[in-house]
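In what follows, a single structure is set out as structure tokens and then discussed.
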Amino acid sequence: IDTGAGSPEQALEQLEWRERLQRLLQQLSEEKREVFYLAHDGELDVREIALRLGIPEGTVRSRLHYARKQLAREWQSEGEE
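Taken in order, the sequence shown gives residues 24 to 104; the numbers are from this note's numbering.
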């Protein structure tokens, strides 16, 4: 038993948050989702993402900015329902 995992309620809440985030990520365009995953899951910086995708760094920044903005807006919107 992992005593550091917290209560069953906390574990359930974390699972629900992860599922909610995955659902919201699927609503992003493929281009924004790809940049978001590379930045967060892949832990790549803007330059590395640009090189990997063959796009300008400014495009990476823009896609990442709008992906985060859309996720934040949708997360808040779902929370209000």
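Where is the CB? At the ideal position from N, CA and C, for every residue including glycine.
Note that the structure is a prediction, hence the values are computed from the model and not measured.
Over what stretch of residues does the alpha helix (DSSP H) that includes residue 49 continue unbroken?
Counted from its first residue, the sequence shown places residue 49 at position 26. Counting along the chain, the alpha helix (DSSP H) containing residue 49 begins and ends at 31-49.
Contact check, residue 54 vs residue 86, beta carbons under 8 Å:
Looking up residue 54 in the sequence shown gives position 31. Looking up residue 86 in the sequence shown gives position 63. Going by C-beta atoms, residue 54 is nearer than 8 Å to residue 86.
Considering only heavy atoms of the ligand NAP, does any lie closer than 7 Å to the CB of residue 43?
Absence of the ligand NAP from the depicted structure is noted, as is the absence of any ligand whatsoever, leaving it without description.
Once DSSP output is grouped into helix, strand and coil, what is the label at residue 81?
As a first step, residue 81 must be located in the sequence shown, where it is residue number 58. Residue 81 falls in the helix class under three-state DSSP.
Give the single residue among 36, 39, 44, 32 whose Cα lies nearest to the Cα of residue 97.
Here the question's residue 97 lines up with position 74 in the sequence shown. For the residues 36, 39, 44, 32, the minimum Cα distance to residue 97 belongs to 44.
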